[in-house]
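Residue numbers (our numbering): 2 to 282.
Cβ coordinates follow ideal geometry from the N, Cα and C atoms, glycine included.
Only one structure is covered here, and it is reproduced in the block below.
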Amino acid sequence: MHPYANQRIGLATMHAKERALAPAFRRVLGAEIVVPPIDTDTLGTFSGEVPRPDALVETALLKAEMVFEAMPDVDCAVASEGSYGPIERLPLVPSGVELLAFVDRKRGIRHVETMPTHRTTWRLQRFAKGDPDRLLALKGMGFPRFGVFVVCSSDMTKPIKNLATVDAVIDAMDREAERSEDGLAVLYSDMRAHMNPMRMMVLRAVGFQLAKRLQRLCPKCQAPGFGPIGARRGLPCEGCGEPTHWIDFEIDGCKACGHATSRPRKDGRRTASRLSCKTCR
Ligand SMILES: [Zn+2]
Ligand SMILES: [Zn+2]
Numbered sequence: 002m003h004p005y006a007n008q009r010i011g012l013a014t015m016h017a018k019e020r021a022l023a024p025a026f027r028r029v030l031g032a033e034i035v036v037p038p039i040d041t042d043t044l045g046t047f048s049g050e051v052p053r054p055d056a057l058v059e060t061a062l063l064k065a066e067m068v069f070e071a072m073p074d075v076d077c078a079v080a081s082e083g084s085y086g087p088i089e090r091l092p093l094v095p096s097g098v099e100l101l102a103f104v105d106r107k108r109g110i111r112h113v114e115t116m117p118t119h120r121t122t123w124r125l126q127r128f129a130k131g132d133p134d135r136l137l138a139l140k141g142m143g144f145p146r147f148g149v150f151v152v153c154s155s156d157m158t159k160p161i162k163n164l165a166t167v168d169a170v171i172d173a174m175d176r177e178a179e180r181s182e183d184g185l186a187v188l189y190s191d192m193r194a195h196m197n198p199m200r201m202m203v204l205r206a207v208g209f210q211l212a213k214r215l216q217r218l219c220p221k222c223q224a225p226g227f228g229p230i231g232a233r234r235g236l237p238c239e240g241c242g243e244p245t246h247w248i249d250f251e252i253d254g255c256k257a258c259g260h261a262t263s264r265p266r267k268d269g270r271r272t273a274s275r276l277s278c279k280t281c282r
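What follows is the structure, encoded as structure tokens:
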């Protein structure tokens, strides 16, 4: 039986993420996701900017710690962070990343799964009062199935949230445009998980990725989460046998006891192409 079977795993969320994550933990590990009453918004709310990935990891781990404070009898916690918006390297292409951090404080396991994604609906557009394109833009953003925020273009500190009807959004846009110095209102996607079915789908996928990782036990100490931790380069050249920069072995490891094993490449290659060799090229 898996060590997490029938165990409770705390999830730090205010946005109903248990809907996306509970099935993976139940089906793969037999574990139950429980949600403590904590205010994760104190760690920053979703605003559409793209923080660094290591900042996402830090925030997620802090959220996991909040679970332990709220539920002293629980040993494992999961927290999720997401980041969406246009990536600077690829202007105007909406992209994002979902990240799940898992902490088992009893066994000393910390594990982070990430999933980069283009399956997002993130949009940000500006409109003047009465602009005839407002309705089409709103429809294009999937409203009302997908939530939107409206904010004044010259003061973006107080976005209007939880707008439920098309009329409410249009009214808010005209009101914010009117009070803005440039006469424009900003309309952008609400990426909070419970307002965004696409994000729920990606969360569900990364949840299964994490549960499957935890499913495998360390052959030495039986801690959950044995799996890929890196690779060793140096696959020999097919011509001269010298090491190349190609991956030679994949390495699986245990975060609890440090045990590691190597295995050959998945594609079965035993030699690298001549083209990758400094000597033969
Ligand atoms: Zn060679
Ligand atoms: Zn181990």
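heavy atom of ligand 2 below 7 Å from residue i C-beta
| i | result |
| --- | --- |
| cysteine 278 | no |
| histidine 260 | yes |
| lysine 221 | yes |
| alanine 23 | no |
| cysteine 238 | no |
| cysteine 77 | no |
| cysteine 255 | yes |
| alanine 138 | no |
| tyrosine 169 | Note on residue identity: the sequence assigns alanine, not tyrosine, to residue 169. No, the Cβ of alanine 169 stays beyond 7 Å of every heavy atom of ligand 2. |
| alanine 186 | no |
| alanine 56 | no |
| alanine 224 | yes |
Near ligand 1: residue i beta-carbon under 7 Å from a heavy atom
| i | result |
| --- | --- |
| arginine 275 | yes |
| glycine 235 | no |
| glutamate 19 | no |
| glutamate 243 | yes |
Reference residue i, options the options, closest by Cα
| i | options | result |
| --- | --- | --- |
| phenylalanine 147 | Ala232, Leu164 and Val58 | Leu164 |
| lysine 272 | Gln126, His246, Glu239 and Gly11 | It is threonine, not lysine, that sits at residue 272 in the sequence shown. For threonine 272, the nearest C-alpha among the options comes from Glu239. |
| methionine 67 | Val29, Arg106 and Leu30 | Arg106 |
| histidine 195 | Leu236, Lys18 and His119 | Lys18 |
| serine 181 | Met199, Met116, Asp191 and Lys130 | Lys130 |
| aspartate 168 | Val151, Thr158, Asp156 and Pro160 | Val151 |
| leucine 62 | Val29, Val104 and Gly143 | Val104 |
| threonine 14 | Leu139, Arg234, Gly31 and Val79 | Val79 |
| tryptophan 123 | Phe209, Pro244 and Gly141 | Gly141 |
| arginine 266 | Pro73, Phe26, Glu99 and Arg234 | Arg234 |
| cysteine 77 | Gly254, Ala212 and Arg282 | Ala212 |
| valine 29 | Gly11, Leu12 and Pro4 | Pro4 |
| leucine 12 | Asp183, Lys279, Lys64 and Met174 | Lys64 |
| isoleucine 110 | Val35, Ala56, Leu276 and Lys256 | Lys256 |
| proline 220 | Cys258, Arg127, Glu177 and Ala186 | Cys258 |
| glutamate 114 | Phe250, Asp55, Ala224 and Met157 | Asp55 |
| histidine 246 | Leu276, His260, Val149 and Arg217 | Leu276 |
| serine 155 | Glu177, Phe250 and Glu59 | Glu177 |
| proline 24 | Gln210, Leu218 and Pro244 | Gln210 |
| alanine 6 | Leu22, Met72 and Ala32 | Ala32 |
Beta-carbon separation (whole angstroms), residue i vs residue j, contact threshold 8 Å
| i | j | result |
| --- | --- | --- |
| serine 84 | glycine 97 | 6 Å |
| arginine 264 | glutamate 251 | 5 Å |
Helix, strand or coil at residue i according to DSSP, with G and I counted as helix
| i | result |
| --- | --- |
| leucine 62 | helix |
| threonine 46 | Note on threonine 46: pLDDT 49, under 50, position unreliable in the model; the coordinate value appears next. Coil at threonine 46, not helix or strand. |
| histidine 112 | strand |
| alanine 261 | strand |
| valine 187 | strand |
| leucine 200 | The sequence given here has arginine at residue 200, not leucine. Note: arginine 200 maps to helix in three-state DSSP. |
| glutamate 19 | helix |
| alanine 129 | strand |
| glutamate 70 | helix |
| methionine 174 | helix |
Closer than 7 Å: residue i CB and nearest ligand 4 heavy atom
| i | result |
| --- | --- |
| alanine 32 | The model on display carries ligand 1 and ligand 2 but not ligand 4. |
Jot down the residue ranges of each uninterrupted beta strand (DSSP E) in the region 214-239, minimum 3 residues, whole runs only, in chain order.
228-234
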